[in-house]
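Peer 1:
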Amino acid sequence: MKTGVIARYRDFLPVTDHTPPLTLNEGDTPLIRSRRLAELLGVPELYFKYEGTNPTGSFKDRGMVVAVAKALEAGSRAVICASTGNTSAAAAAYAARAGLEAIVVIPRGKIAGGKLAQALIHGARIVAVDGSFDDALRIVRTLIERHPLALVNSINPHRIEGQATAAYEIVDALGDAPDVLCLPVGNAGNITAYWEGFKRYHRAGRASQRPRLFGFQAAGAAPIVLGRPVERPSTVATAIRIGNPASWQRAVRARDESGGRIEAVTDEEIVDAYRLLASHEGIFCELASAASVAGLRKALANGWLDGSERIVCVLTGHGLKDPDTAIRLGGRPEPVPPRVEAVEAYLGL
Ligand code: F0G
187 MKTGVIARYR DFLPVTDHTP PLTLNEGDTP LIRSRRLAEL LGVPELYFKY EGTNPTGSFK
247 DRGMVVAVAK ALEAGSRAVI CASTGNTSAA AAAYAARAGL EAIVVIPRGK IAGGKLAQAL
307 IHGARIVAVD GSFDDALRIV RTLIERHPLA LVNSINPHRI EGQATAAYEI VDALGDAPDV
367 LCLPVGNAGN ITAYWEGFKR YHRAGRASQR PRLFGFQAAG AAPIVLGRPV ERPSTVATAI
427 RIGNPASWQR AVRARDESGG RIEAVTDEEI VDAYRLLASH EGIFCELASA ASVAGLRKAL
487 ANGWLDGSER IVCVLTGHGL KDPDTAIRLG GRPEPVPPRV EAVEAYLGL
């Protein structure tokens, strides 16, 4: 039964007897064994950690539940974050659940419609700045110094600890850590969280090994790959449209300690992987999420991996967050007269 991450992983989280038992039954997401894509790529053991089934449709819920519970415990009245969309949706939902005010600062016109809808309907105060995510985060960092607002971006260590529960779940499901974990990288909190999680579980004797982490940025927003901030990040994968990630150094450490890589994938490669996941596996994820699979294809093509590894790709968010993109890429259906013969003619039956 889903109990939420605080109840399930209490011993591994910074919770006390005074931490409110906040939950929307997040976590416990499926680890789906790949069939057709695995065959296509020639990798015998591939899994998808599908985070789209979380209550607000992304992995952010894992960290947000802990961050908001700790904010409540500390007596905060309001939470604030900068976001490319998913963090704001999670912050708005968990703040509503907890009876706190939420303020979300987003780059105007650059977040998917579903995510904006979530923040709106949960009653967050939304500030749409004419700038990038990086501008939004810079503003939020200053606001928390001036006002009694609890920061719930992944700079908040409780977010990272909550997100580490995804690593615990993977080990619990497989009976050990995989050899390789592929995931998209934006603000770099999630790669940091996975690495913390795998290390901690390994130390606790729950896993015999730690995976190599393969992180993927979008080519137009790949500061870690380039080794310098990107002034005007650009990619179709708006969730990871970030030019100066907050957890940059920690991501580099996770890469190096794990013997992994952080590389770039083009928008075209991301879109191809997004389509393949939907058409060959029945999994509808976000464009940004598909960067993990685009990256895996690249890693196999370049010989960074030989395919014999046990591999997990993290699919960070649900495709329904952004139906406009799917419809644009899929092509809108043409109108057909409401007659059997017309439908037969249209289908060529
Ligand atoms: N995938 C999705 C769907 C995301 O929303 C994000 C980040 C990432 C991957 C990258 O994770 O930032 O931890 O490296 N979204 C943040 C947000 C930035 O505001 O929702 P990261």
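187 is the number of the first residue of the sequence shown in this note's numbering; add one for each residue after it.
For glycine and all other residues, C-beta sits at the position ideal for the given N, C-alpha and C.
Return the CA-CA distance between V366 and V265, expressed in angstroms with no decimal places.
Peer 2: Translated into the one-based positions of the sequence shown, residue 366 becomes position 180. Translated into the one-based positions of the sequence shown, residue 265 becomes position 79. Straight-line Cα distance between these residues: approximately 35 Å.
Peer 1: Quick check: the segment 208-228 against the segment 457-470, are there 3 or more CB pairs under 8 Å?
Peer 2: As far as the Cβ criterion goes, the segment 208-228 touches the segment 457-470, which means the pair count is three or higher.
Peer 1: Answer yes or no: the CB of T421 versus the heavy atoms of the ligand F0G, is any distance below 7 Å?
Peer 2: Position 235 of the sequence shown holds residue 421. T421: no, Cβ never under 7 Å from the ligand F0G.
Peer 1: Using a 10 Å radius around the Cβ and a threshold of 16 neighbouring Cβ atoms, would you call Q403 buried or exposed?
Peer 2: Looking up residue 403 in the sequence shown gives position 217. When all chains shown are included, Q403 counts as buried.
Peer 1: Going by the beta-carbon positions, is the gap between C368 and I497 smaller than 8 Å?
Peer 2: Against the sequence shown, residue 368 aligns to sequence position 182. Against the sequence shown, residue 497 aligns to sequence position 311. Yes, these two residues count as a Cβ contact at 8 Å.
Peer 1: Does the beta carbon of V498 come closer than 8 Å to any beta carbon on chain B?
Peer 2: Protein chains in the displayed structure number just one, and chain B is not present.
Peer 1: Buried or exposed: D508, going by 16 or more other Cβ atoms within 10 Å of its Cβ?
Peer 2: Along the sequence shown, one-based indexing puts residue 508 at 322. With 16 or more other Cβ atoms within 10 Å, it is buried.
Peer 1: Can you give me the C-alpha to C-alpha distance between K301 and I325, rounded to a whole angstrom?
Peer 2: For the purposes of this step, residue 301 is taken as residue 115 along the sequence shown, with counting starting at 1. For the purposes of this step, residue 325 is taken as residue 139 along the sequence shown, with counting starting at 1. Going by the C-alpha atoms only, they are around 21 Å apart.
Peer 1: Could you work out which residue in R345, T452 and A288 is closest to V191 when comparing CA atoms only?
Peer 2: Here the question's residue 191 lines up with position 5 in the sequence shown. Comparing Cα-Cα distances from V191 to each of R345, T452 and A288, the minimum goes to R345.
Peer 1: What is the C-beta distance between V306 and A284, in whole angstroms, given that I count them as a contact (C-beta under 8 Å)?
Peer 2: The sequence position of residue 306 within the sequence shown is 120, counting from 1. The sequence position of residue 284 within the sequence shown is 98, counting from 1. Per the sequence presented here, residue 306 reads as Leu, with Val not at that position. Between A284 and L306 the Cβ distance is about 18 Å, and since that is not below 8 Å, they are no contact.
Peer 1: For the 8 Å Cβ check, are there 3 or more pairs between the segment 487-501 and the segment 419-426?
Peer 2: Touching, no, given that fewer than three Cβ pairs across the two stretches are closer than 8 Å.
Peer 1: Given this structure, state the Cα-to-Cα distance separating R441 from L399, to the nearest angstrom.
Peer 2: Taking the first residue of the sequence shown as 1, we reach residue 441 at position 255. Taking the first residue of the sequence shown as 1, we reach residue 399 at position 213. Those two C-alpha atoms are separated by around 6 Å.
Peer 1: Would you check if the distance between the CB atom of G538 and the CB atom of S318 is smaller than 8 Å?
Peer 2: One cannot answer for residue 538 here, as it falls past the ends of the chain, which runs 187 to 535.
Peer 1: Which residue spans inside the segment 411-452 form an unbroken alpha helix (DSSP H) run of at least 4?
Peer 2: Segments of the alpha helix (DSSP H) lying fully in the segment 411-452: 434-444.
Peer 1: Taking a contact to mean a Cβ-Cβ separation below 8 Å, would you say P370 touches A477 in this structure?
Peer 2: Against the sequence shown, residue 370 aligns to sequence position 184. Against the sequence shown, residue 477 aligns to sequence position 291. Against a cut-off of 8 Å, the Cβ pair of A477 and P370 comes out as a contact.
Peer 1: Figure out for me which residue from K484, L506, G213 and T202 has the closest Cα to the Cα of E454.
Peer 2: Stepping through the sequence shown from its first residue, residue 454 is reached at position 268. Taking only the C-alpha atoms, the option nearest E454 is K484.
Peer 1: Around the C-beta of Y280, are 16 or more other C-beta atoms found within 10 angstroms, so that it is buried, or is it exposed?
Peer 2: For the purposes of this step, residue 280 is taken as the residue at position 94 of the sequence shown. Label assigned to Y280: buried.
Peer 1: Measuring only the C-alpha atoms, how far is F198 from Y233?
Peer 2: Counted from its first residue, the sequence shown places residue 198 at position 12. Counted from its first residue, the sequence shown places residue 233 at position 47. Roughly 24 Å between the two C-alpha positions.
Peer 1: So if DSSP puts A303 in a beta bridge, which residue, or which two residues, is it bridged to?
Peer 2: Position 117 of the sequence shown, counted from the start, is the residue given in the question as residue 303. Partner(s): none; A303 has no beta bridge.
Peer 1: Mind reading off the beta-carbon distance from A374 to P431? Whole number of angstroms is fine, and I expect it under 8 Å.
Peer 2: As a first step, residue 374 is located in the sequence shown; it is residue number 188 there, counting from the start. As a first step, residue 431 is located in the sequence shown; it is residue number 245 there, counting from the start. So it is a contact: roughly 4 Å between Cβ atoms.
Peer 1: When we look at the beta-carbon of V167 and count the other beta-carbons within 10 Å, is it buried (16 or more) or exposed?
Peer 2: With the chain running from 187 to 535 in the structure shown, residue 167 is simply not present.
Peer 1: Figure out for me which residue from A363, G309 and H333 has the closest Cα to the Cα of K235.
Peer 2: Here residue 235 corresponds to residue number 49 of the sequence shown, with the count starting at 1. Measuring from the Cα of K235, the nearest candidate turns out to be A363.
Peer 1: On the premise that A423 lies in contact with A390, defined as a C-beta separation below 8 Å, what is that separation, rounded to the nearest angstrom?
Peer 2: Residue mapping note: residue 390 aligns to position 204 of the sequence shown, counting from 1. Residue mapping note: residue 423 aligns to position 237 of the sequence shown, counting from 1. Not quite, the Cβ-Cβ distance comes to about 34 Å (not below 8 Å), so this is no contact.
Peer 1: For T209, count neighbouring C-beta atoms within 10 Å of its own C-beta (all shown protein chains included) and say buried if the count is 16 or more, exposed if not.
Peer 2: Against the sequence shown, residue 209 aligns to sequence position 23. When all chains shown are included, T209 counts as buried.
Peer 1: Grab the span of the beta strand (DSSP E) containing Y236 for me, first residue to last.
Peer 2: If you number the sequence shown from 1, residue 236 lands on position 50. Segment E231 to Y236, the beta strand (DSSP E) holding Y236.
Peer 1: Can you name the residues that DSSP bridges to F400?
Peer 2: As a working note, residue 400 is residue 214 in the sequence shown. Bridge partners of F400: C368 and R447.
Peer 1: Express the C-alpha separation of R196 and L188 in angstroms, rounding to a whole number.
Peer 2: Translated into the one-based positions of the sequence shown, residue 188 becomes position 2. Translated into the one-based positions of the sequence shown, residue 196 becomes position 10. Going by the sequence as given, residue 188 is Lys instead of Leu. So the alpha carbons of these two residues sit roughly 14 Å apart.
Peer 1: Could you spell out where the beta strand (DSSP E) holding A530 opens and where it closes?
Peer 2: Your numbering for residue 530 matches position 344 in the sequence shown. The sequence shown places Glu at residue 530, rather than the Ala named in the question. Careful: E530 lies outside any beta strand (DSSP E), inside the alpha helix (DSSP H) at V526 to L533.
Peer 1: Helix, strand or coil for S220 per DSSP?
Peer 2: Along the sequence shown, one-based indexing puts residue 220 at 34. Three-state result, S220: coil.
Peer 1: My output table needs one value for I469: the three-state DSSP class, helix, strand or coil.
Peer 2: Residue 469 sits at position 283 when you count from the first residue of the sequence shown. Looking at I469 - three-state DSSP - the assignment turns out to be coil, as it is neither helix nor strand.
Peer 1: Starting from L323, trace the alpha helix (DSSP H) in both directions and tell me its first and last residue.
Peer 2: Residue 323 sits at position 137 when you count from the first residue of the sequence shown. Here the alpha helix (DSSP H) through L323 covers F319 to R332.
Peer 1: Measuring from the CB of N240, is there a heavy atom of the ligand F0G at a distance below 7 Å?
Peer 2: As a working mapping, residue 240 is identified with position 54 in the sequence shown. No - the ligand F0G has no heavy atom lying nearer than 7 Å to the Cβ of N240.
Peer 1: What are the boundary residues of the beta strand (DSSP E) that includes L501?
Peer 2: Within the sequence shown, numbered from 1, the residue matching residue 501 stands at position 315. From DSSP, the beta strand (DSSP E) with L501 extends over R496 to L501.
Peer 1: Might you give, ordered along the chain, the residues of its own chain that have their beta carbon closer than 6 Å to the beta carbon of A276, omitting 5 neighbours on each side?
Peer 2: If you number the sequence shown from 1, residue 276 lands on position 90. Closer than 6 Å at Cβ, skipping near neighbours: T242, K246, D247 and M250.
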